[in-house]
DNA sequence: TCCTAAATTGATAACTACTATCATTTTATG
DNA sequence: CATAAAATGATAGTAGTTATCAATTTAGGA
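Chains as they are written, first to last, in the numbering used here: chain A, 121 to 248; chain B, 121 to 248.
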């Protein structure tokens, strides 16, 4: 990865912002500092830096929402090979709501855990 | 909420599908059963049923991804009043990856927890 | 049963977040 | 310097979703 003024600026703005800006918000911040960056450049750099581990992209799921008739509390696992979504029992994270409420004092209305990885079937298929 | 053929069909297809279909996939399933439903109607009903608690919408975050310079393992809380994103320490869900790996046998590459609720400041503001 | 108001539908158009294309510019290195 | 690789950014396009709104359907009364 080569150096570029724009990337430096983007990382700079991101580092000095305690909030977790969206691309749109970053564009705005950059404009305010008179360091305009093209939209494409911004997105490209955010993705590059995220896959280089320099920053973190928080997006949980792909573009489209999934719907589930199972309204019991449970979590989700998305296989990056086959794209299938699997249910994960809520017992894998006991008292996560209680812990979080105690740690923050916030009111928690809902929460979701999304795992990304490779499911059993795809693991098997890749071995052969 | 009044009865409607379309809503019944949508819920029916959703209930009989162990996978967690996207709106697009649902549209396809409905077509296969010769019960065409308009795109708008589908989305409207999914959202209505989700907010009525009849089904669950899995999307974790709003449309746009957020970026974070903090690459330490941590989770996120989104305040539904002010929209701010807060960091939550990973200690609120100890051994969640280990538990999930043991429960499923899946390879877990990454995971994210997103809480929705009301932050301290907004709680205070609403009291006054 | 019929009447009416409220709810629902669905075609169309629009919006938002994001990505592909590609000519131009910048950076790193021999 | 020279040159190849990398990066930029304007433009156009895509995907998922929502707004608009006239036409249809539903749920209760009279």
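C-beta atoms are modelled at their ideal positions from N, C-alpha and C, and glycine is treated no differently. Please read these numbers as outputs of a predicted model, since none were measured by experiment.
The three-state reading of DSSP puts residue 176 of chain B in strand, counting E and B together. Its Cα nearest to that of residue 246 of chain A, the residue A/200 stands out among A/200, A/234, A/225. Residues of chain A whose Cβ lies closer than 8 Å to the Cβ of residue 230 of chain B are, in chain order, 235, 236, 237. For residue 139 of chain B, there is no enclosing alpha helix (DSSP H), as DSSP marks it with neither H nor E.
Setting aside the 5 residues that flank it on each side, residue 174 of chain A is surrounded in the same chain by 131, each with a C-beta closer than 8 Å to its C-beta; the list follows chain order. Interface criterion met: the Cβ of residue 240 of chain B is under 8 Å from a Cβ in chain A.
With contacts defined as CB atoms closer than 8 Å, residue 197 of chain A and residue 224 of chain B qualify as a contacting pair. Inclusion of residue 187 of chain A and residue 166 of chain B in the CB contact set at 8 Å is warranted, their separation being smaller than that value.
In the three-state scheme derived from DSSP, where H, G and I count as helix and E and B as strand, residue 195 of chain B is classed as strand. Residue nearest to residue 244 of chain B within the set A/232, A/236, A/227 is A/227 (criterion: CA-CA distance).
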